[in-house]
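Numbering (full-length UniProt numbering), first residue to last: 1 to 249.
Right, here's the structure in full:
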């Protein structure tokens, strides 16, 4: 999974970077144990494996169990750890960066924070090293099948006369400021006019366009959006008298 680094500071979630590094250390330690299990033949190999697992459990109460257990129990424990070490960090008690580095040095695995990766399209290395690691990523239960929603006519807001929002209210789709910029960039003036008038809060215009659809003709008559009238009333509440004048061209 590839993540945008801009998503870390904006969400103020620096902890996932520490979790990525710690997960990478645990994964490397698991590979080291797996390689030892493939080559274990003598008592000396068992002692080396026991020392490594004992170093892994340095900060745990299971350290004494590792030192005193028999060979069969040690091999069973090693088989559980060969795919990666499992750690639990309580809330507000996560390991510090120094503790993670000491742990990596103790079990003699690499704790590098970034790796040079190769672009699969060009075969060349990326300009900068990339942070690589192992992290738990929760998948939210938001599926497209449950999100599909369509609306022709429906309820409107009493104040702004715009369609309500949300699928549960049988509402419309939000069309924000940046979406307006996108249509402006493509020069889609008529589409933008429809979105901001007859499809939104132009009361007279949406009645007219509904009639034209029923008659089967292609006519678009836009009036004044209701949000403009709301703004006028708010200005009048500030004792600012605004009058509309219609001029003939």
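All residues carry an ideal CB built from backbone N, CA and C; glycine is no exception.
Because the structure is a prediction, the values reported are computed rather than measured.
**Request:** Say whether the segment 195 to 207 touches the segment 222 to 240, bearing in mind that this needs 3 or more beta-carbon pairs closer than 8 Å, one atom from each stretch.
**Result:** yes
**Request:** Give the secondary structure of residue 172 by DSSP, where H, G and I count as helix, E and B as strand, and everything else as coil.
**Result:** Residue numbering aside, residue 172 sits at position 172 when the chain shown is read from its first letter. Strand, per DSSP.
**Asked** Between residue 118 and the rest of its own chain, which residues show a CB-CB distance below 6 Å, the 5 nearest in sequence each way excluded?
**Response** The count along the chain shown starts at 1 and reaches residue 118 at position 118. Same-chain partners within the cutoff: 125.
**Request:** With residue 229 as the anchor, note down where its alpha helix (DSSP H) starts and where it stops.
**Result:** Within the chain shown, the letter at position 229 stands for residue 229. Where residue 229 is concerned, the enclosing alpha helix (DSSP H) stretches over 226 to 237.
**Request:** Could you check what DSSP says for residue 165 in three-state terms: helix, strand or coil?
**Result:** For the purposes of this step, residue 165 is identified with residue 165 of the chain shown, where counting begins at 1. The answer is strand: DSSP assigns residue 165 an E or B state.
**Message:** Please report the straight-line C-alpha distance between residue 62 and residue 33, rounded to a whole angstrom.
**Reply:** Here residue 62 refers to the residue found at position 62 when the chain shown is read from its first residue. Here residue 33 refers to the residue found at position 33 when the chain shown is read from its first residue. The alpha-carbon atoms of residue 62 and residue 33 are separated by roughly 17 Å.
**Length of the line joining the Cα atoms of residue 157 and residue 171** = By one-based count along the chain shown, residue 157 stands at place 157. By one-based count along the chain shown, residue 171 stands at place 171. Near 10 Å, if we compare the C-alpha coordinates of residue 171 and residue 157.
**Request:** Report the partner residues of residue 125 according to the DSSP bridge assignment.
**Result:** Counting from 1 along the chain shown, the entry for residue 125 is found at position 125. Residue 125 is bridged to 118.
**residue 191 - containing alpha helix (DSSP H), residue span** = Mapped onto the chain shown, residue 191 falls at position 191. Per DSSP, residue 191 belongs to the alpha helix (DSSP H) from 189 to 196.
**Request:** Check the C-beta distance from residue 258 over to residue 110 and give it rounded, since I have them as a contact under 8 Å.
**Result:** Nothing can be reported for residue 258, as the shown portion of the chain is limited to 1 through 249.
**Alpha carbon of residue 66 to alpha carbon of residue 50, nearest angstrom** = By 1-based counting over the chain shown, the position of residue 66 is 66. By 1-based counting over the chain shown, the position of residue 50 is 50. Cα to Cα, the separation comes out at about 7 Å.
**Separation of residue 161 from residue 252, as counted between CA atoms** = Outside the displayed span of the chain (1 to 249) sits residue 252, for which this structure offers no information.
**Asked** Do residue 18 and residue 97 have their CB atoms nearer than 9 Å?
**Response** The sequence position of residue 18 within the chain shown is 18, counting from 1. The sequence position of residue 97 within the chain shown is 97, counting from 1. Yes, the Cβ-Cβ distance between residue 18 and residue 97 is below 9 Å.
**Request:** Can you say whether residue 6 is buried or exposed, counting buried as having 16 or more other CB atoms within 10 angstroms of its CB?
**Result:** Here residue 6 refers to the residue found at position 6 of the chain shown. Answer is exposed; the Cβ neighbour count stays below 16.
**Message:** Less than 7 Å between C-beta atoms, sequence neighbours within five positions excluded: which residues of the same chain meet that for residue 40?
**Reply:** Position 40 of the chain shown holds residue 40. Only residues of its own chain outside the window of five on either side were considered, and among them 46 and 49 have a CB closer than 7 Å to the CB of residue 40, listed in chain order.
**Prompt:** Where do the N-terminal and C-terminal ends of the alpha helix (DSSP H) with residue 50 fall, by residue?
**Reply:** Residue numbering aside, residue 50 sits at position 50 when the chain shown is read from its first letter. It spans 43 to 56 - the alpha helix (DSSP H) in which residue 50 sits, taken as one unbroken run.
**Anticipated Cβ contact below 8 Å, residue 130 with residue 114, distance rounded** = Start at 1 with the first residue of the chain shown, and residue 130 comes out as number 130. Start at 1 with the first residue of the chain shown, and residue 114 comes out as number 114. Right, the Cβ-Cβ distance comes to about 6 Å (below 8 Å), so this counts as a contact.
**9 Å Cβ cutoff met for residue 327 and residue 20** = Outside the modelled stretch of the chain, which goes from 1 to 249, sits residue 327, for which no answer is possible.
**Asked** Over what stretch of residues does the alpha helix (DSSP H) that includes residue 81 continue unbroken?
**Response** Reading the chain shown from its first residue, position 81 is the one you call residue 81. 71 to 81 is the extent of the alpha helix (DSSP H) around residue 81.
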